[in-house]
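*Asks:*
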DNA sequence: CATGATTGTTTCATCTAGTGAAACACTATT
DNA sequence: AATAGTGTTTCACTAGATGAAACAATCATG
């Protein structure tokens, strides 16, 4: 059979899973590329090179994204940047999270008590993403923002969520690699598992410069009505302001706050000691 | 010429502009529908009804959006909800806004001085969208969030941005309708134009319960290097805490802060009086 | 318990509409 | 002036998105 016309296999582009609407997948990949490109934006050709798509295709997809507000085109440089639509969507997302509303007063209280910045975050695979933040007036630095991601294994909130999650999830995170963020990051799987064991025992997780050299933190888990850990609260600040004893004090305090929020979320079988 | 084969006009679906990648336009419209549906989410059929698309189409588009993280599917109700990807993107968006970084310290200072919540916002057509917020500890209510939209014509920040924008923009906003948000909203085009005139004279805009019955506010504009008003800062709070005299005091103070930020953005020809 | 209504998923033939090459336009750079 | 590097438009082709219909699964209802 010599007349093999279109063998046509094996040349899947950027994000072809074989299944799905290709143009949509491609367009979404453009969004990620632009998002991760920093504030300078990306020109048409640069974008098409990164996406490994023909420039015409990128041009049309991006044009739609522009008219829909997901991208904007810098009037002077012709570069693509993220548009306001993404803010709109995130606003809807955050506004519909009842967890966030319920937790907010507790976060404020904690912030006042600890005089440190408090975050509310959820886990998404190997990373943690912040959905609310109450900044302490005293906090000199603002190293985070709502919507930001950080590695789950190197953060207090990530550890506390993993500790109470399905062990399979933990193994996935370990398999993905316990990257060293600082010299204090726990990178050994065996040690990491025993850390989580300790977290389960304590009911809160502590982070001593494992993610950022000069930042300590302590986190407690929030559970939903099924008993799944759906989110966590975390207090973080400069090491000199948060020594171990302070972290342990706060940890106990945060357990009760987290438990109170859990109750709002329908958590019942709570023995909060 | 009787053989008109494909007349093919007039049956444009949801967002067909004729030009562009239809599947992408459709998928994006799904995002908006889900976003505006509140926390309950939308089932497949409900979504296809709203989008006026066949359920199979919605199914496939939504499936891609789910695998890409833009939507999630509630495990119990099978309803579509916004996914974490939108937070990721908004985080990138906010992180790349240098305006936001430059303005933040000024916002904090203003918050401390006024002891009221301060917002940074930009205009997008007929609405204003907040890109940063510094909450005052004293503020009892939190009626806004980053990413939220409000009508430009009924907010101090919207008015201040319009006042220094192209008059054509103003007319567009007027044409879109000056909806009454409260009984204090200026709804008469003639009166509205004279209000903007006053704003240009003062250099700041005041809002007396025009958007929310019990909220007053005062805003000042930020300009970029081309002299275009790109953003505004606004202080808002309960009417009893922000009487007119106070608003005017703050207005002057905010003009200088806004001017300082404008300078960071490359604004030069500044006669900040 | 059977029946029917409602929602979600898969399959498949049809032909729309997304694709990419090439031509075009425009601006820097040499 | 020539060349390289951009962004935009056109157009023929057919890959691949589409929607009808069948299938599955769940939930009411008589």
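Protein chains in written order, with this note's numbering: chain A, 4 to 276; chain B, 4 to 276.
Heads up, the beta-carbon is just placed ideally off N, CA and C, and yes, glycines get one too.
For the stretch 67-91 of chain B, list every residue whose C-beta sits within 9 Å of some C-beta in chain A, in sequence order.
*Replies:* Listed in sequence order: 67, 68, 70, 71, 72, 73, 84, 85, 86, 87, 88, 89, 90, 91.
*Asks:* Which residues bound the beta strand (DSSP E) around residue 239 of chain B?
*Replies:* Unbroken beta strand (DSSP E) run through residue 239 of chain B: 232-241.
*Asks:* Looking at the C-beta of residue 101 of chain A, does it have a partner C-beta in chain B at a distance below 9 Å?
*Replies:* Cβ-Cβ to chain B under 9 Å: yes for residue 101 of chain A.
*Asks:* What separation, rounded to the nearest whole angstrom, lies between the Cα atoms of residue 117 of chain A and residue 60 of chain A?
*Replies:* When rounded, the distance between both Cα atoms is 53 Å.
*Asks:* With DSSP as the reference, identify every bridge partner of residue 220 of chain A, one or two as the case may be.
*Replies:* Residue 220 of chain A is bridged to A:210, A:239.
*Asks:* Taking only the alpha-carbon atoms, compute the straight-line gap between residue 72 of chain B and residue 94 of chain A and give it to the nearest angstrom.
*Replies:* Using only the alpha carbons, I get a separation of about 16 Å.
*Asks:* For chain B, check one thing: does any of its Cβ atoms lie closer than 9 Å to the Cβ of residue 109 of chain A?
*Replies:* For residue 109 of chain A, the answer is no, since every Cβ of chain B falls outside 9 Å of its Cβ.
*Asks:* For chain A, find out if any of its Cβ atoms is closer than 9 Å to the Cβ of residue 270 of chain B; answer yes or no.
*Replies:* No, residue 270 of chain B does not count as interfacial toward chain A.
*Asks:* Against chain A, with Cβ distances strictly below 9 Å, would residue 202 of chain B count as a contact?
*Replies:* With 9 Å as the cut-off, residue 202 of chain B does not count as an interface residue toward chain A.
*Asks:* When you compare the CB of residue 20 of chain B with every CB in chain A, is at least one pair closer than 9 Å?
*Replies:* Here the model assigns residue 20 of chain B a pLDDT of 45, short of 50, so the residue's position is not dependable, and the following value carries that caveat. So, interface residue.
*Asks:* At a CB-CB cut-off below 7 Å, which residues of chain B make contact with residue 127 of chain A?
*Replies:* The answer, in chain order, is 87.
*Asks:* Residue 98 of chain B versus chain A: which residues are under 7 Å apart at the beta carbon?
*Replies:* Here the neighbours are 148.
*Asks:* Which residues in the same chain as residue 5 of chain B place their Cβ atom closer than 6 Å to its Cβ, once the five residues preceding and following it in sequence are excluded?
*Replies:* In this predicted model, residue 5 of chain B has a pLDDT of only 31, less than 50, meaning its place in the structure is not dependable; the value taken from the coordinates is given anyway. There are no such residues.
*Asks:* Counting only beta-carbon atoms, is residue 39 of chain B nearer than 9 Å to chain A?
*Replies:* With 9 Å as the cut-off, residue 39 of chain B counts as an interface residue toward chain A.
*Asks:* Residue range of the beta strand (DSSP E) that residue 137 of chain A falls in?
*Replies:* 130-137 is the span of the beta strand (DSSP E), which, as asked, contains residue 137 of chain A.
*Asks:* Kindly indicate the opening and closing residues of the alpha helix (DSSP H) around residue 98 of chain A.
*Replies:* Taken as a continuous stretch (DSSP letters only), the alpha helix (DSSP H) holding residue 98 of chain A covers 88-99.
*Asks:* Residue 24 of chain B versus chain A: which residues are under 8 Å apart at the beta carbon?
*Replies:* Those are 26, 30, 63, 64, 67, listed as they occur along chain A.
*Asks:* What is the rounded straight-line gap between the Cα of residue 239 of chain B and the Cα of residue 236 of chain A?
*Replies:* Roughly 29 Å between the two C-alpha positions.
*Asks:* Give the DSSP-derived three-state secondary structure of residue 122 of chain B in the structure shown.
*Replies:* The answer is strand: DSSP assigns residue 122 of chain B an E or B state.
*Asks:* Buried or exposed for residue 19 of chain B, going by 16 or more other Cβ atoms inside 10 Å?
*Replies:* Caution is warranted here: a pLDDT of 39 is assigned to residue 19 of chain B, below 50, making its placement in the model unreliable, and the coordinate value is therefore given only provisionally. Burial call: exposed.
*Asks:* For chain A, is any of its Cβ atoms less than 9 Å away from the one on residue 232 of chain B?
*Replies:* Chain A, which has no Cβ nearer than 9 Å to the Cβ of residue 232 of chain B, makes this no.
*Asks:* Relative to the alpha-carbon of residue 168 of chain A, which residue among A:139, A:129, A:146, A:136 has its alpha-carbon at the smallest distance?
*Replies:* That would be A:129, whose Cα lies nearest to the Cα of residue 168 of chain A.
*Asks:* Measuring only between beta-carbons, confirm whether residue 137 of chain A sits less than 9 Å from chain B.
*Replies:* So yes, residue 137 of chain A belongs to the interface.
*Asks:* Please state whether DSSP places residue 12 of chain B in a helix, a strand or coil.
*Replies:* Note that residue 12 of chain B scores a pLDDT of 29, beneath 50, so its modelled location is shaky; the value from the coordinates is reported in the next line. Three-state result, residue 12 of chain B: coil.
*Asks:* DSSP on residue 245 of chain A, reduced to helix/strand/coil?
*Replies:* Correct three-state label for residue 245 of chain A: coil.
*Asks:* Does the distance from the C-beta atom of residue 103 of chain B to that of residue 132 of chain B stay below 9 Å?
*Replies:* Not a contact, by the Cβ cut-off of 9 Å.
*Asks:* Could you tell me whether any Cβ in chain B is nearer than 9 Å to the Cβ of residue 176 of chain A?
*Replies:* Chain B contact via Cβ: absent.
*Asks:* Under 9 Å between C-beta atoms, does residue 251 of chain B make it to chain A?
*Replies:* It does not; no Cβ of chain A falls within 9 Å.
*Asks:* With the cut-off set at 9 Å, would you say residue 91 of chain A and residue 150 of chain B are in Cβ contact?
*Replies:* Yes; because the gap between Cβ atoms is below 9 Å, this pair is in contact.
*Asks:* Nearest CA to the CA of residue 187 of chain A: which residue from A:214, A:140, A:81?
*Replies:* Nearest C-alpha to residue 187 of chain A: A:214.
*Asks:* Is residue 165 of chain A close to chain B? Criterion is C-beta to C-beta, closer than 9 Å.
*Replies:* Judged by the 9 Å Cβ criterion, residue 165 of chain A is not in contact with chain B.
*Asks:* Using the three-state DSSP reduction, which class does residue 226 of chain A fall into: helix, strand or coil?
*Replies:* Three-state result, residue 226 of chain A: strand.
*Asks:* Taking only beta-carbon positions, decide if residue 15 of chain A is within less than 9 Å of chain B.
*Replies:* Confidence at residue 15 of chain A is low in this model, with a pLDDT of 29, below 50, so the placement of that residue is unreliable and no value is reported for it.
*Asks:* Between the C-alpha atoms of residue 212 of chain A and residue 244 of chain A, what's the straight-line distance to the nearest angstrom?
*Replies:* Each residue's alpha carbon lies about 13 Å from the other.
*Asks:* Strictly below 7 Å CB to CB, what residues from chain A border residue 168 of chain B?
*Replies:* Simply none; closest approach about 15 Å.
*Asks:* Hey, is residue 225 of chain A's beta-carbon within less than 9 Å of any beta-carbon in chain B?
*Replies:* No - not a single Cβ of chain B is within 9 Å of the one on residue 225 of chain A.
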